[in-house]
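A.B. asks: I'd like to ask you about the structure that follows.
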Amino acid sequence: MKTTTLDTLPVAYISHDSTVEKKVLLKMGEVPNVAQLAVATLKPGEQASKHHHKDMTETFHFQSGTGEMEVNDKIFKVEAGTTVTVFPMESHEIRNTGSENLVIIYFGIV
């Protein structure tokens, strides 16, 4: 068993944007096939730049705030309660277009 609380975890940064903060709840190898479980916070105007993963499916659950997500050049709005799954080789980018933090719980499966 493993228990974790967000307020005790150190701040880290997503690998493709060194300004976007995250807290990692599960690291690679702690649960079979799960690359990571984390909570990311994008400040107003911040974005997680477009990228793709060769062999990872990623699911994003938007916990609070508003923004846009682009998947394979299709742009759509996201808000609290929205969940998006992106499959391997699908390019994706997330932008905070709101006035409050955009908080995202996400995980990757390999």
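Using this note's numbering, read the sequence shown as starting at 17 and increasing by one per residue.
A virtual CB, placed ideally from N, CA and C, is assigned to each residue, including glycine.
What did DSSP end up calling Leu53 once you bin it into helix, strand or coil?
C.D. replies: strand
A.B. asks: Can you round the beta-carbon distance between Thr98 and Phe78 to whole angstroms, since I take them to be within the 8 Å contact cut?
C.D. replies: 5 Å
A.B. asks: On the three-state DSSP scale, how would you describe Thr113?
C.D. replies: Thr113 falls in the coil class under three-state DSSP.
A.B. asks: Rounded to a whole number of angstroms, what is the C-alpha to C-alpha distance between Val87 and Ser115?
C.D. replies: 23 Å
A.B. asks: Just to check my reading of the structure: Pro26 and His69 have Cβ atoms closer than 8 Å, yes? What is that Cβ distance to the nearest angstrom?
C.D. replies: Actually they do not touch by this definition, with Cβ atoms about 24 Å apart.
A.B. asks: Mind checking Met44: buried by the 16 CB within 10 Å criterion, or exposed?
C.D. replies: exposed
A.B. asks: Are Val55 and Val119 touching if we call contact CB-CB under 8 Å?
C.D. replies: Their beta carbons are under 8 Å apart, which means Val55 touches Val119 by this criterion.
A.B. asks: Helix, strand or coil for Thr73, going by three-state DSSP, please let me know.
C.D. replies: Under the three-state reduction of DSSP, Thr73 is assigned to strand.
A.B. asks: Taking all protein chains shown into account, decide if Phe92 is buried (16 or more other Cβ within 10 angstroms of its Cβ) or exposed.
C.D. replies: exposed
A.B. asks: Determine the closest residue to Ala64 out of Asn117, Glu109 and Ile121, with distance taken between C-alpha atoms.
C.D. replies: Glu109
A.B. asks: List the whole-angstrom C-beta distance separating Ala51 from Ile125, where the pair is believed to meet the contact cut-off of C-beta under 8 Å.
C.D. replies: 7 Å
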